[in-house]
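Chains Z, E and X supply the protein sequences, listed in that same order.
Heads up: the first sequence begins at 421 in our numbering, then just goes up one per residue.
Heads up: the second sequence begins at 3 in our numbering, then just goes up one per residue.
Heads up: the third sequence begins at 14 in our numbering, then just goes up one per residue.
Beta carbons: idealized from backbone N, C-alpha and C, even for Gly.
All values derive from a computational prediction rather than experimental measurement.
Structure first, commentary second.
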Amino acid sequence: MKGGNMMGKRKIIFVMVLTLIWMHLGAFSSEAAEKKPIRIGAVYDLTGGLSVYGNGSNMTAKAAVERINKTGGIAGRPVEYIVEDGATDAATGLRKFRKLVQKDECDFILLSCNSGLGIGAAPLAKELDTIAFSEGTAREITGKKGNRYIFRQIDNAEMAAIAMAQFAAKELGKSAYGMGADYEWGHSVVDTTEKVFGKVGVKMLGKDFSPIGTLDFVPYLGKVPKGAHFIVAGYFTADVVKLANQAWELGLRVPIFVGTLQSIRYEDLGPGAELVWCGTYGSRSLDGYPSDVRSFQKAYRQIVGLDDEGWDRTGKLSAEYIWAGWEGVYWVKKGVEESGWTTKKDNLKFMKALEGARVKASPEFPTGSKMMRAEDHQVIADIYVIKGEKGKVVTKGCMRGEELLPQYPPNVDFTKEALQ
Amino acid sequence: MKYRLLLIGIFLLLIVVPNFLTSFYKQLLIEILIFGLFSLGFDIIFGFTGLLNFGTSVFFGLGGYLALLPILHWNVGLWIALLITIVICSLFSFVYGLSISRFKSHYFVAFTIVVSMIFFYIAMAKRPLTGSDEGLTIKVPPLDLGFVSLRFSHPMVKYYFVLGVCSLVFFLVWKFFHTPYGKAIIAVRENEERARLLGYNTRNLKVISFTLSGVVSGLAGALYVLHLGFSSAHSFFWLWTARSVWWTIIGGVGTLFGAFVGPGVLVFFEDLISTWNPDLYLIIMGIIMILVIILAPQGIVGSIQTVLTKRGK
Amino acid sequence: MMASTIALSLINGVVWGCILSMVSLGLTLIYGQLNIINIAHGAMYAIGAVVAFYVATFLGSWGYSLLISPLVMAVISVVIYVSSLRFRVVGYPLSVTLIISYGVMFILEQLTLLIFGGAPRYIPNPLPYQIGFFDKTYPVYRIFAALFSLATIGALLGFLGKTKMGLWIRATSQDNDTASAMGVPVPTVYMFTFVLGSVLAALGGALVSPMTSITHHMGAEIIIDAFIVVIVAGFGSIPGTIVAALILSLTCGFFSVVTSPVLAKGISLGVMIAILYWRPEGIMRY
């Protein structure tokens, strides 16, 4: 009968609609989401001028992911890790960021130490609704040019300069001379140092900035006045080697405080090695870490393949900076597990979970306890002062995060930021 | 005639295809179009006028900042930002072209290199203005069409806008080189002495061409800033010049369309290969570039054109 | 103090000017003869330095690199030329060899990165003596490097003027058709010139290696200055190259002391432009 058939059809439709609603209620999909892997994408500089950082962070991040997968994954979900080469070029890095999110469907992104990339990534992260961790050194990445989507799992250049300035004032003398490469990073090292010097009674006798790509620092070193007890030098990798050697050859014997010694060996600093100091983000040598941290650091080094001196198996990567990859991955794990994050819809929960979070020295955070400051998403961690001494690069001091914190107030408050 | 039809066909394809592409490839296509516009500027001065401008990054970086700074500091709208870019780039390229037009080929090249270096150093040093190596970010203003205001970051809005601008400029440039002025410029490329003897004011022609080239590349720089919402002093770095050079040459010098094919092929492959092997991709790209140019010395489009005309006979 | 600083700067300018002129000469030779803009010149310079590093580290003495770096580079440049450039040297526009050169640059740089690594290295000074200079000292090695560069340039001039191959090179660059008709093996001359130019770059890298740090992309530091020198010098002019290199280095060095170094760089570039304005054909007309 017609009536009967209509009833039958309606029943079928009714059941179908019910099933559709049930599927959308997530009973079906959330189960799938739980087993679906979490994808962490990384844009690291594997080529170009920053390759010693990128290859290092890539190595430790990969190791972290492997270890996590061996021990149950993140919230029970396996982790996939995809790395792309940023080529030390912000434009390329941003394209890779997009690719990792839009093509490879990555849930979280790790970014290299390229500051331009870190800054350019903020609007992109917001557009793509993807949280990113930057290893860049520019202050404003977690400052006025950043936003709530960006976290930084390592201290920045300004923080290092603060620690370095205080250490120098205490140990090296009362008058300094500033030099740097004429771009933002070079200036920030010298300017920040000068500001701190003003507070602790050290006089900056003068400053000079050389154009990028300067081959020869002899003319500038020649200008260092006799009264300078030490030199503050905002220079990077290859320039540091040049600077140390050329200073020695000119007869300069004052300490030179540089911005980084990443992957530079004692031997490469030449006879000038004993002059070189550096405020950096981790101790190169194992024994430079305080006793409460050392055992965790040792375990971490064994997993990623770093020796007690701080070198990887190829002898090309040094330890000071590259732990940022490892800990970046573990911040992701922490955020996901503590907030119950399942998909990007939970990004705000993730952010809130990390804002103000504290971690202790542990296998996951082997460089020591630290805090992820809520207002600017900047980690407050220890700064180490290292120096070339008797054939090695040794650790001479450490400014702990708690000491650094009051001297580095935030200049933004992301906790007040709405997401879209 | 056939060529014209082909171009129209490609244009229609470009209108339709993105609707079927995934988000990433849409964005890649946007970048390719912008890079194509940048290379078009280079093709104008190198391919059509015969002058090697080894400092196109000046226009790219300048155009970018001319769009970025007004938006950042004065909150101007999209159209105003582009207008500012076009006007000031024209003035700048004109003055620049005027100063440089008396030079013959080799010395022209040196001047352009030096100028681009100077701009790079200034951009790096003037930190508050440009953000130096860190750069500056902006919130890209919406696309205001009078009756409706569209969010520019929406991929389809961005795509059609960029496609529209690139197509319009391409069309105008193409038309230009079919005008007497344009043809005169080509004559200068062929043989400047002869052109001058024939009565052409070669200096003026070179200045016109240079100005046009500067505006086109500058516009590309502005579009790139709108795409990324970011720029830094690195946009003045010689690497961008190098990119415009190899994109244009591989695409096909003097073909206009080659300026878009070059980045289309190279950016696509670079992206693909760098994912496949981050360590070796630069070597592979180098080999590809060498092979392509040896096998197709007139670039991809140039060689195809040659083959087709030969066949036509 | 100021006077000694300036004097130091001037001497330094002369030193770098000499080295720069040698490297630039390599570029001029290749461009003048083959119409090739050798973008890979910087990468070749870097390879020269990297080889010097390995020589110094494994053979214990940097001095051998003055022989080994050029040799290694000669082999590499032959391979480059034979596999790519020779097909498109004659009768093809500049753009073709320009791209080949870019491609070669990528390959060389990336290979250097893969082998040498990304970290900057250092070679101990082979002549670790200082010369007293008012209240400062100046490394003797640098003076040696300057003299060696000049000697090399002198040897090059002698070679071009007095040997058969030198004659062939000059003949071919003036008029390759006639030269070929007169029996000069033009293709061989082309290859030889390319090798010679590349070797000069590598030699420059080897010379500079104890003065500075060695990285895989150190070529970028010198290539732009070299380009500018080549063009301001007047296409193909050897004396012009030396003069231009010296002017560039001296101006930059002098002004770095007197004003800020960045301004000095700008001034030295400005001087180069001014020279071009005044003499568009280049400093020396021959």
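Is it the case that the Cβ atoms of V2(E) and F259(E) are separated by a distance below 7 angstroms? There is no way to answer for residue 2(E), as the model of chain E reaches only from 3 to 315.
Exposed or buried, which one is K422(Z) when buried takes at least 16 other CB atoms within 10 Å? By one-based count along the first sequence, residue 422(Z) stands at place 2. Any answer about K422(Z) is weak, because its pLDDT of 46 lies below 50 and its placement is not dependable; what the coordinates show is given next. By the neighbour-count rule (16 or more Cβ atoms within 10 Å), K422(Z) is not buried but exposed.
Can you tell me whether I32(E) is buried or exposed? The criterion is at least 16 other CB atoms within 10 Å of its CB, across all chains shown. The residue labelled residue 32(E) in the question sits at position 30 within the second sequence. Buried is the call here.
With burial defined as no fewer than 16 other Cβ atoms inside 10 Å of the residue's Cβ, what is the status of R6(E): buried or exposed? Stepping through the second sequence from its first residue, residue 6(E) is reached at position 4. Answer is exposed; the Cβ neighbour count stays below 16.
Contact set between the stretch 674-708 of chain Z and chain X, restricted to residues whose Cβ is under 9 angstroms from the partner: Q682, S683, I684, R685, E687, D688, L689, G690, P691
For the stretch 566-588 of chain Z, which residues have a CB atom closer than 7 angstroms to at least one CB atom of chain E, in sequence order? none
Can you look up Q307(E) in the DSSP assignment and give me helix, strand or coil? Looking up residue 307(E) in the second sequence gives position 305. Of the three classes helix, strand and coil, the one that applies to Q307(E) here is helix, per DSSP.
Beta strand (DSSP E) segments (min. 3 residues) lying fully within the stretch 569-651 of chain Z: 570-572, 595-601, 623-630
Would you please state the rounded distance, in angstroms, between the beta carbons of F113(E) and I124(E)? I believe it to be under 8 angstroms. Against the second sequence, residue 113(E) aligns to sequence position 111. Against the second sequence, residue 124(E) aligns to sequence position 122. The pair is not a contact, with the Cβ atoms about 16 angstroms apart (cut-off 8 angstroms).
Where do the N-terminal and C-terminal ends of the beta strand (DSSP E) with S554(Z) fall, by residue? The sequence position of residue 554(Z) within the first sequence is 134, counting from 1. Taken as a continuous stretch (DSSP letters only), the beta strand (DSSP E) holding S554(Z) covers 551-554.
Under the assumption that F232(E) contacts G137(E) (Cβ atoms under 8 angstroms), give the Cβ distance between them as a whole number of angstroms. Position 230 of the second sequence holds residue 232(E). Position 135 of the second sequence holds residue 137(E). That belief holds up - the Cβ atoms of F232(E) and G137(E) are roughly 6 angstroms apart, short of 8 angstroms.
Does I252(E) come out as helix, strand or coil in the three-state DSSP assignment? Stepping through the second sequence from its first residue, residue 252(E) is reached at position 250. Residue state, collapsed to three classes: helix.
Enclosing beta strand (DSSP E) for Y804(Z) [first to last residue]: Mapped onto the first sequence, residue 804(Z) falls at position 384. It spans 803-809 - the beta strand (DSSP E) in which Y804(Z) sits, taken as one unbroken run.
Out of S532(Z), Q522(Z), I539(Z), A462(Z), which one is the CA nearest neighbour of V499(Z)? For this step, residue 499(Z) is matched to residue 79 along the first sequence. From the listed residues S532(Z), Q522(Z), I539(Z), A462(Z), the smallest Cα separation to V499(Z) is found for A462(Z).
Label A246(X) either buried or exposed according to how many other C-beta atoms from any shown protein chain fall within 10 Å of its C-beta, with 16 as the threshold for buried. Indexing the third sequence from 1 puts residue 246(X) at position 233. With 16 or more other Cβ atoms within 10 Å, it is buried.
Please report whether the beta-carbon of S532(Z) lies at a distance below 7 angstroms from any beta-carbon of chain X. What you label residue 532(Z) is simply residue 112 of the first sequence in a count that begins at 1. It does not; no Cβ of chain X falls within 7 angstroms.
Taking 7 angstroms as the cut-off, decide whether the C-beta atoms of I803(Z) and A495(Z) are in contact. Looking up residue 803(Z) in the first sequence gives position 383. Looking up residue 495(Z) in the first sequence gives position 75. No, they are not a contact pair.
Do you know how far the Cα of G223(E) is from the Cα of F238(E)? Translated into the one-based positions of the second sequence, residue 238(E) becomes position 236. Translated into the one-based positions of the second sequence, residue 223(E) becomes position 221. Spanning the two alpha carbons is a distance of roughly 10 angstroms.
Measuring only between beta-carbons, confirm whether M158(E) sits less than 7 angstroms from chain X. What you label residue 158(E) is simply residue 156 of the second sequence in a count that begins at 1. M158(E) does not count as touching chain X.
CB contact below 7 angstroms: L466(Z) versus chain X: Taking the first sequence and counting its residues from 1, the one referred to as residue 466(Z) is at position 46. Closer than 7 angstroms: no.
Do L530(Z) and G506(Z) have their C-beta atoms closer together than 7 angstroms? In the first sequence, counting from the first residue as 1, residue 530(Z) sits at position 110. In the first sequence, counting from the first residue as 1, residue 506(Z) sits at position 86. No, Cβ-Cβ distance for L530(Z) and G506(Z) is not below 7 angstroms.
Considering just the uninterrupted stretch of the alpha helix (DSSP H) at Q143(X), what are its terminal residues? In the third sequence, the residue the question calls residue 143(X) occupies position 130. Where Q143(X) is concerned, there is no enclosing alpha helix (DSSP H), although the beta strand (DSSP E) it sits in stretches over 143-146.
Where DSSP assigns a beta bridge to S462(Z), which residues make up the other side? By one-based count along the first sequence, residue 462(Z) stands at place 42. According to the sequence shown, residue 462(Z) is Ala rather than Ser. Answer is V503(Z), L530(Z), bridged to A462(Z).
CB contact check: L220(X) to chain Z, cutoff 7 angstroms: The count along the third sequence starts at 1 and reaches residue 220(X) at position 207. False, the Cβ-Cβ gap to chain Z never drops below 7 angstroms.
Are the C-beta of I306(E) and some C-beta of chain Z separated by less than 7 angstroms? Within the second sequence, numbered from 1, the residue matching residue 306(E) stands at position 304. Cβ-Cβ to chain Z under 7 angstroms: no for I306(E).
Can you name the start and end residues of the alpha helix (DSSP H) that W75(X) belongs to? Within the third sequence, numbered from 1, the residue matching residue 75(X) stands at position 62. W75(X) -> no alpha helix (DSSP H), and no H or E assigned at all.
Cutoff 7 angstroms: A558(Z) Cβ touching any chain E Cβ: Locating residue 558(Z) in the first sequence gives position 138, counting from the first residue. Answer yes: the Cβ-Cβ gap between A558(Z) and chain E drops below 7 angstroms somewhere.
Does the beta carbon of W248(E) sit closer than 7 angstroms to a beta carbon anywhere in chain X? Here the question's residue 248(E) lines up with position 246 in the second sequence. Closer than 7 angstroms to some Cβ of chain X, the Cβ of W248(E) qualifies, so yes.
Quick check: the Cα distance between S449(Z) and T763(Z), rounded to an integer number of angstroms? For the purposes of this step, residue 449(Z) is taken as residue 29 along the first sequence, with counting starting at 1. For the purposes of this step, residue 763(Z) is taken as residue 343 along the first sequence, with counting starting at 1. Its pLDDT being 42, under 50, S449(Z) is placed unreliably in this model, and the coordinates cannot settle the point.
Which residues mark the beginning and the end of the beta strand (DSSP E) in which D699(Z) is found? Reading the first sequence from its first residue, position 279 is the one you call residue 699(Z). The sequence shown places Gly at residue 699(Z), rather than the Asp named in the question. Element bounds for G699(Z): 696-700.
Helix, strand or coil: which one does DSSP assign to R704(Z)? Sequence index remark: in the first sequence, residue 704(Z) carries index 284 (1-based). Coil, per DSSP.
Are the C-beta atoms of Y640(Z) and some chain X residue less than 7 angstroms apart? Counting from one through the first sequence, the residue named residue 640(Z) turns up at place 220. Yes, Y640(Z) lies at the interface with chain X (some Cβ there is under 7 angstroms from its Cβ).
Start and end of the alpha helix (DSSP H) containing V814(Z)? The residue labelled residue 814(Z) in the question sits at position 394 within the first sequence. Note, V814(Z): premise wrong, no alpha helix (DSSP H); beta strand (DSSP E) at 812-819.
Can you find the residues in the same chain that come closer than 8 angstroms, C-beta to C-beta, to S226(X), ignoring five residues on each side of it along the sequence? Taking the third sequence and counting its residues from 1, the one referred to as residue 226(X) is at position 213. Correct list, in chain order: P133, R134, Y135.
Going by the CB atoms, is the gap between V270(X) and T70(X) shorter than 7 angstroms? Translated into the one-based positions of the third sequence, residue 70(X) becomes position 57. Translated into the one-based positions of the third sequence, residue 270(X) becomes position 257. No. Outside cutoff.
Between T763(Z) and chain X, is there a C-beta pair that is closer than 7 angstroms? Sequence index remark: in the first sequence, residue 763(Z) carries index 343 (1-based). Chain X, which has no Cβ nearer than 7 angstroms to the Cβ of T763(Z), makes this no.
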